[in-house]
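These notes are about the structure you will find just below.
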Amino acid sequence: MPELRLTEIFYSLQGESTTVGLPTVFIRLTGCPLRCVYCDTTYAFQGGKKWSIEAILEEITHYKTRHITVTGGEPLAQKECLMFLDALVEKGYQVSLETSGALDVSAVNEQVKKVMDLKTPGSGEMDKNLFSNIDSLTARDEVKFVIASKQDYQWAKKVTEEQGLSDLCEVLFSPCMGKQSPAELADWILRDQLPVRFQLQLHKVLWGESPGK
416 MPELRLTEIF YSLQGESTTV GLPTVFIRLT GCPLRCVYCD TTYAFQGGKK WSIEAILEEI
476 THYKTRHITV TGGEPLAQKE CLMFLDALVE KGYQVSLETS GALDVSAVNE QVKKVMDLKT
536 PGSGEMDKNL FSNIDSLTAR DEVKFVIASK QDYQWAKKVT EEQGLSDLCE VLFSPCMGKQ
596 SPAELADWIL RDQLPVRFQL QLHKVLWGES PGK
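Per this note's numbering, the sequence shown runs over residues 416 to 628.
This is the structure we're talking about:
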């Protein structure tokens, strides 16, 4: 039976995206090829525990929700992730995949909602963006920009407009906590009349930086 290395499985409210606030099971895979300067899940870079796909599917039956988020780390760094996503879809779950946008998403099950995080200049990993992934986006998917400065905002605005992202899928602008004022970002979006969704990380508003929330 194929295995995945997991950092944690936990049940919480979805803190981001268009399903914010919904009870969700989070499955955090271990490992990431990126090192974003503002990363809030560095504990998922290494370690973890191997789980068979069968064991993961059994574990999540203990929760009543049908909403599953596969996150990391970078889930697609483990080749077995694609098979796991297929298995979740076959079980009837509503699945979202949080991915960095640095690895190819073209083989991801079309019923999985891809939440792709395009890396801004402030991340330190902008050169890792795989812009060909935009060709694989559908209306069910989302693109997220973490905004840490005015420079990040201007860059994200330019990419959104040049790539026509708002015509493809939902676009999320999220302030980097501790680096970018949420109110200031909201003002910029309104001033420029951008067709994007402003989002705060609900889990951080509720529980701060506590892992497993």
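Each residue gets a CB set at the ideal place from its N, CA and C atoms; glycine is no exception.
Owing to the predicted nature of the structure, the values given are computational and were not obtained by experimental measurement.
Taking a 10 Å sphere around the C-beta of Lys534, we find 16 or more other C-beta atoms and assign the residue as buried. A check of alpha carbon separations from His618 across Val504, Ala601, Arg606, Met592 identifies Met592 as the nearest. Residue environment analysis places Thr439 among the buried positions, since at least 16 neighbouring C-beta atoms fall within 10 angstroms of its C-beta. Taking a 10 Å sphere around the C-beta of Pro610, we find fewer than 16 other C-beta atoms and assign the residue as exposed.
At a Cβ-Cβ threshold of 8 Å, Gly516 and Thr422 do not count as neighbours. Per DSSP, reduced to three states, the secondary structure at Tyr478 is coil, with no helix or strand assignment. Val611 carries a coil assignment under DSSP once its states are collapsed to helix, strand and coil.
Contiguous beta strand (DSSP E) elements confined to the stretch 463-529 occur at 464-467, 482-486, 509-514, taking only those with 3 or more residues.
The shortest C-alpha to C-alpha distance from Phe441 to any of Ala563, Cys451, Leu428 is the one to Leu428. About 11 Å separates the beta carbons of Phe588 and Leu580, which is beyond the 8 Å limit, so they are not a contact pair. Around the beta carbon of Pro417, fewer than 16 other beta carbons sit within 10 angstroms, so the residue counts as exposed. Bridge pairing for Tyr426: Val440 [DSSP].
Nearest to Thr434 by C-alpha distance, out of Glu557, Asp532, Asp602, Met498, is Glu557. For Lys619, the enclosing alpha helix (DSSP H) has its first and last residue at 617-622. Residue pairing by DSSP places Ser589 opposite Val561 in a beta bridge. With a contact defined as Cβ atoms closer than 8 Å, Glu540 and Leu449 qualify at about 5 Å.
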